[in-house]
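Single-structure report; data block below.
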């Protein structure tokens, strides 16, 4: 065996070592040419240094073959390398599945910070602009011509609607004619506004039909901050926060007060004193989607020409707060706009735009005349009922010819 072969296959003793300061390879100096054996390393040395070249000489070769494999262990890296970071770089060895997606702080910069700051600035500017007109001490918003509104109830919707119906004024004569017609004839003439009919009211003056213009108001249950806001608005506008009292000061002849007050589960609007104040202003009546008190007084002769239509009557006093004056309200399943024509009796209540009044009057009067003619034919006894109601084609032609 050659010395080179012997040096390659001899494993070093655990205690054998050569100082790192010497540049001598231990395997090259361990063989004794004279004795033919390996010399023992000095006993005083405790460190073992192996050069890269000689380490490859003593490490066994990698296994080969189809049944054998060799996998180099993956370094885990230091704790600093494995630290989670919202933006991992290629130099870090953390596995993607172990990286948490952390929302970056605004101070870290980046596109997210720029977007958030831009959005915040836009919102701040918008809020400041929207609140500019509501500064303390601001007066009422100037309403469009012919529209009664103020800061507490300004409605942009009504701006649009009133601008298109500025010429649709209902005369007192037209209201009087509507008050003499049956509710069924008016309803039949309303077309798409037939759904704006509400039933289920109790009338204080059965048999009395009322027709007028809607003066609307909406109420909410009280809470401390709402009370404070309403008090401030009432002081600024110099009006009574009790909307029934305000109506007793501002209602006009021919008005019908229409109050949204929570329906059958709501609250009461007023009593006898409030009703008297509104009546003395010339109003035609009141429709309440809620309750009223003092029923015994309201059914008396003093209010014979002033019917009140309410969901219920109760002994409690009013406590809900008026939050919108002469603005769109909901009465049952109907939407009521300021200035709508109101026609009501114990059957129910109709609400429709004033622009429809001419067509409604014409169609309702024609229907009333037709039904009167049918009654005369029935009383004559000369025709079968099926030919009279509705009119048969022959009787219809005869009726159209004689009109």
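Numbering (the numbering used here), first residue to last: 853 to 1255. All C-beta atoms, glycine included, are put in the ideal place defined by N, C-alpha and C.
- In the structure shown, residue 1147 adopts helical secondary structure according to DSSP, grouped into three states.
- Listed in chain order, the non-local C-beta contacts of residue 1233 below 8 Å within the same chain number zero, local neighbours out to five positions each way being set aside.
- Taking a contact to require three or more Cβ pairs closer than 8 Å, the segment 1125–1135 and the segment 1035–1046 do not qualify as touching.
- Per DSSP, reduced to three states, the secondary structure at residue 1197 is strand.
- In the three-state reduction of the DSSP assignment, residue 1062 falls in the strand class.
- Beta-bridge analysis with DSSP links residue 1071 to 1174.
- Scanning its chain for C-beta atoms nearer than 6 Å, with the 5 sequence neighbours on each side dropped, one finds around residue 1073 the residues 1172, in chain order.
- In the same chain as residue 1058, and ignoring 5 residues on each side of it, the C-beta atoms closer than 6 Å to its own belong to 1198, in chain order.
- In the structure shown, residue 1095 adopts helical secondary structure according to DSSP, grouped into three states.
- Non-local C-beta neighbours of residue 1020 in its own chain, meaning closer than 6 Å and more than five positions away in sequence, comprise 1206 and 1207, ordered along the chain.
- By the beta-carbon neighbour count (other beta carbons within 10 angstroms, threshold 16), residue 1112 is buried.
- For residue 1237, there is no enclosing beta strand (DSSP E); the enclosing alpha helix (DSSP H) covers residues 1237–1240.
- Membership of residue 1112 in the beta strand (DSSP E) is indicated by the continuous run 1107–1112.
- In the DSSP assignment, the residues bridged to residue 1182 are 1187.
- Annotated three-state conformation of residue 1031 is helix, per DSSP.
- According to the DSSP assignment, residue 1162 belongs to the beta strand (DSSP E) that extends over 1160–1165.
- By the neighbour-count definition (other C-beta atoms within 10 Å, threshold 16), residue 1009 is an exposed residue.
- The three-state secondary structure of residue 1117, taken from DSSP, is helix.
- Bounds of the alpha helix (DSSP H) holding residue 1254 are 1245–1254.
- In chain order, 1189 place their CB closer than 7 Å to the CB of residue 1013, counting only its own chain and leaving out the 5 sequence neighbours on each side.
- Taking all protein chains shown into account, residue 1141 has 16 or more neighbouring C-beta atoms within 10 Å of its C-beta and is therefore buried.
- By a beta-carbon distance limit of 8 Å, residue 1107 does not contact residue 1101. Their separation comes to about 12 Å.
- For residue 1141, the three-state secondary structure derived from DSSP is strand.
- At least 8 Å separates the beta-carbon of residue 1200 from that of residue 1165.
- Rounded to the nearest angstrom, the gap between the Cα atoms of residue 1063 and residue 1156 is 15 Å.
- Per DSSP, reduced to three states, the secondary structure at residue 1122 is coil, with no helix or strand assignment.
- Shown here for residue 1134: same chain residues with a beta carbon closer than 6 Å to its own, the five before and five after excluded, namely 1105 in chain order.
- DSSP places residue 1089 in the uninterrupted alpha helix (DSSP H) bounded by 1076–1089.
- Relative to the Cα of residue 1096, the nearest Cα in the group 1028, 1078 and 1145 belongs to 1145.
- Close CB contacts of residue 1118 within its chain, under the 6 Å cut and outside five residues either way in sequence, are with 1142 (chain order).
- Straight-line spacing of the CA atoms in residue 1236 and residue 1244 works out to 10 Å.
- The C-beta of residue 1246 has fewer than 16 other C-beta atoms within 10 Å across all chains shown, which makes the residue exposed.
- Rounded to the nearest angstrom, the gap between the Cα atoms of residue 1027 and residue 1192 is 12 Å.
- Assigned with DSSP and collapsed to three states, residue 1055 falls in strand.
- For a cut-off of 8 Å, the C-beta gap from residue 1202 to residue 1048 is around 7 Å, short enough to register as a contact.
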